[in-house]
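For reference, the structure discussed in these notes is given below.
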Amino acid sequence: MRRGHRRLRRTVRLAEPGDTGARTAQKDRGRADHAHRPPPRGIHEIHEVRKEPMNNDTGGDHPMPGTRMRRLFDENLSMIETMTRIEIRRLGRMPRGTHLGQDDGNPVTDLLPDRYLDRYDREFLYRMLGAAIRLRARLADPKTDHAAHSVIEEILISRAVRLVADDDNEEGSGLEAWLEDWLGDLDVDRLYDPAADEATLASNPATGSGDMRFDHWFEDQYWTDETDGGE
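Counting in full-length UniProt numbering, the sequence shown runs from 1 upward without gaps.
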């Protein structure tokens with residue numbers, strides 16, 4: 001996560017079959033108890049062989065849902081992209097500045113935290129659409145980095161995974177364990193918690209927490225090369 005005013009960049013390389021060394025990259029969260037966490041598991045680490053166990057490092061002990069889970073995740077991410085396109089067109093027919101809070105019954109609202117409801121205008125949705133398109137392109141390529149680099153990507157991934165969990169045939173607790181392993185933590189859930197004060201969402205150099213406030217959603221902050229201000 002981003003720390004203070006310093007942008008941390010780290011690179012995650014997905015493991016090739018049999019390459020255990022490729023999964024030793026660490027997510028520096030500024031906390032000693034997380035110093036040895038494995039890197040997030042991307043969509044291409046959903047093994048098609050159902051005998052592969054869920055990542056036990058996060059407590060998951062259920063079999064990976066295999067190709068079914070992969071298909072449902074892909075479909076959900078595609079559905080989110082389609083819904084976003086539709087809402088962009090709907091808001092485009094309304095007065096400039098209209099936001100989702102004024103557009104009752106749209107499905108995109110259910111995906112986003114209520115705390116910023118009046119900020120979700122057409123410009124925001126257009127940026128969210130771009131993030132979804134780029135994320136889907138990355139996840140479709142097994143040779144690219146599948147980590148979530150921004151708050152908006154964590155939101156998109158978590159919503160797509162949890163829509164899978166809504167299926168009665170899927171094991172929700174196992175999916176939650178896999179989601180936490182992929183993202184490195186579930187801090188993004190604090191955005192949906194009315195009890196979480198806005199000030200606690202800001203970056204905290206003491207804990208290494210990133211800035212999850214609305215104005216920082218589209219900034220790269222996770223799993224990129226570390227520098228002190230430059231590439």
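From the three backbone atoms N, C-alpha and C, an ideal C-beta is built for every residue, glycine too.
None of these values were measured; they are calculated from a predicted model.
Subject >> Local conformation of residue 269 per DSSP, three classes >> reply: Summary: the structure shown does not reach residue 269, with the chain confined to residues 1 through 231, and so no result is reported for it.
Original post:
For Asp74, which of Asp189, Phe218 and Val161 has the nearest alpha-carbon?
Top reply: Stepping through the sequence shown from its first residue, residue 74 is reached at position 74. For Asp74, the closest alpha carbon among the candidates Asp189, Phe218 and Val161 is that of Val161.
Subject >> Backbone CA spacing between Lys143 and Arg90 [nearest angstrom] >> reply: Taking the sequence shown and counting its residues from 1, the one referred to as residue 143 is at position 143. Taking the sequence shown and counting its residues from 1, the one referred to as residue 90 is at position 90. Rounded to whole angstroms, Lys143 to Arg90 spans 36 angstroms at the Cα level.
**OP:** Please classify Asp74: does DSSP put it in a helix, a strand, or coil?
**Re:** Within the sequence shown, the letter at position 74 stands for residue 74. The answer is helix: DSSP assigns Asp74 an H, G or I state.
**OP:** With distances taken Cα to Cα, identify the nearest neighbour of Pro216 among Asp181, Arg159 and Ile152.
**Re:** Counted from its first residue, the sequence shown places residue 216 at position 216. Per the sequence shown, residue 216 should be read as His rather than Pro. Comparing Cα-Cα distances from His216 to each of Asp181, Arg159 and Ile152, the minimum goes to Ile152.
Original post:
Alpha carbon to alpha carbon, what distance is there between Met83 and Val108?
Top reply: As a first step, residue 108 is located in the sequence shown; it is residue number 108 there, counting from the start. As a first step, residue 83 is located in the sequence shown; it is residue number 83 there, counting from the start. Taking C-alpha positions only, Val108 is separated from Met83 by approximately 7 angstroms.
Original post:
Hey, quick one: how far does the alpha helix (DSSP H) through Leu156 stretch, first residue to last?
Top reply: As a working note, residue 156 is residue 156 in the sequence shown. DSSP places Leu156 inside the alpha helix (DSSP H), whose first and last residues are Val151 to Ala165.
Original post:
Is it the case that the Cβ atoms of Ala131 and Leu100 are separated by a distance below 8 angstroms?
Top reply: Within the sequence shown, residue 131 is the residue found at index 131, counting from 1. Within the sequence shown, residue 100 is the residue found at index 100, counting from 1. In this structure, Ala131 sits away from Leu100, with a CB-CB distance that is not shorter than 8 angstroms.
Original post:
If you compare alpha carbons, which of Glu180, Ala202 and Leu129 is closest to Arg85?
Top reply: To locate residue 85, count along the sequence shown from 1; it is residue 85. It is Leu129.
**OP:** Note down, in chain order, each residue of its chain lying with its Cβ closer than 7 angstroms to the Cβ of Arg41, except the 5 sequence neighbours on either side.
**Re:** As a first step, residue 41 is located in the sequence shown; it is residue number 41 there, counting from the start. Here the model assigns Arg41 a pLDDT of 48, short of 50, so the residue's position is not dependable and the matter cannot be decided.
Original post:
Considering Glu198, what are the terminal residues of the alpha helix (DSSP H) in which it resides?
Top reply: On the sequence shown, position 198 is the one that residue 198 refers to. No alpha helix (DSSP H) holds Glu198; DSSP gives it neither H nor E.
Original post:
Does the Cβ of Leu14 have 16 or more other Cβ atoms within 10 Å, making it buried, or fewer, making it exposed?
Top reply: By 1-based counting over the sequence shown, the position of residue 14 is 14. Residue confidence is low: Leu14 scores 31 on pLDDT, short of 50, so the model does not pin down where it sits. Its coordinate-derived value is still stated next. Within 10 angstroms of the beta-carbon of Leu14 lie 16 or more other beta-carbons, which makes it buried.
Original post:
If you draw a straight line from the C-alpha of Ala148 to the C-alpha of Ser158, how long is it?
Top reply: Here residue 148 refers to the residue found at position 148 of the sequence shown. Here residue 158 refers to the residue found at position 158 of the sequence shown. Taking the straight line from one Cα to the other gives about 10 angstroms.
**OP:** Please go through the same chain and pick out, in chain order, the residues whose beta-carbon is closer than 7 angstroms to the beta-carbon of Arg93, but skip the five residues on each side of it.
**Re:** As a working note, residue 93 is residue 93 in the sequence shown. The answer is none, since no qualifying residue turns up.
**OP:** Under 6 angstroms Cβ to Cβ from Phe214, same chain only, skipping five residues before and after it: list those, please.
**Re:** Along the sequence shown, one-based indexing puts residue 214 at 214. Taken in chain order, the residues that qualify are Tyr116 and Arg119.
Subject >> Boundaries of the alpha helix (DSSP H) in which Arg96 is found, first to last residue >> reply: Position 96 of the sequence shown, counting from 1, holds the residue named residue 96. Where Arg96 is concerned, there is no enclosing alpha helix (DSSP H), given that its DSSP letter is neither H nor E.
Original post:
Exposed or buried, Arg127, counting other C-beta atoms within 10 Å across all chains shown (16 or more means buried)?
Top reply: Your numbering for residue 127 matches position 127 in the sequence shown. Under a 10 Å Cβ-count criterion, Arg127 is classified as exposed, with fewer than 16 other Cβ atoms of the shown protein chains found around its own Cβ.
**OP:** Output yes or no for whether 8 angstroms exceeds the beta carbon distance between Ile88 and Leu125.
**Re:** In the sequence shown, counting from the first residue as 1, residue 88 sits at position 88. In the sequence shown, counting from the first residue as 1, residue 125 sits at position 125. A contact, by the Cβ cut-off of 8 angstroms.
**OP:** Give me whichever residues DSSP pairs with Asp121 in a beta bridge.
**Re:** The residue you call residue 121 lines up with position 121 of the sequence shown. In the DSSP output, where bridge partners are listed per residue, Asp121 has His99.
**OP:** Output yes or no for whether 8 angstroms exceeds the beta carbon distance between Glu219 and Val188.
**Re:** Locating residue 219 in the sequence shown gives position 219, counting from the first residue. Locating residue 188 in the sequence shown gives position 188, counting from the first residue. No. Outside cutoff.
Subject >> Whole-angstrom C-beta distance between Ala199 and Asp211, which should lie under 8 angstroms >> reply: Here residue 211 refers to the residue found at position 211 of the sequence shown. Here residue 199 refers to the residue found at position 199 of the sequence shown. Contact doesn't hold; Cβ gap of about 11 angstroms is too wide.
**OP:** Can you say whether Leu191 is buried or exposed, counting buried as having 16 or more other CB atoms within 10 angstroms of its CB?
**Re:** For the purposes of this step, residue 191 is taken as the residue at position 191 of the sequence shown. Leu191 comes out buried.
**OP:** Can you say whether Ile133 is buried or exposed, counting buried as having 16 or more other CB atoms within 10 angstroms of its CB?
**Re:** The residue labelled residue 133 in the question sits at position 133 within the sequence shown. The residue is exposed, with fewer than 16 neighbouring Cβ atoms inside 10 Å.
Subject >> Arg122 versus Glu176: straight-line alpha-carbon distance, rounded >> reply: As a first step, residue 122 is located in the sequence shown; it is residue number 122 there, counting from the start. As a first step, residue 176 is located in the sequence shown; it is residue number 176 there, counting from the start. In a straight line, the C-alpha of Arg122 is about 31 angstroms away from that of Glu176.
Subject >> For Asn106, the nearest candidate out of Ile80, Gly97 and Arg96 (CA to CA) >> reply: Locating residue 106 in the sequence shown gives position 106, where the first residue counts as 1. Nearest of Ile80, Gly97 and Arg96 to Asn106, Cα basis: Ile80.
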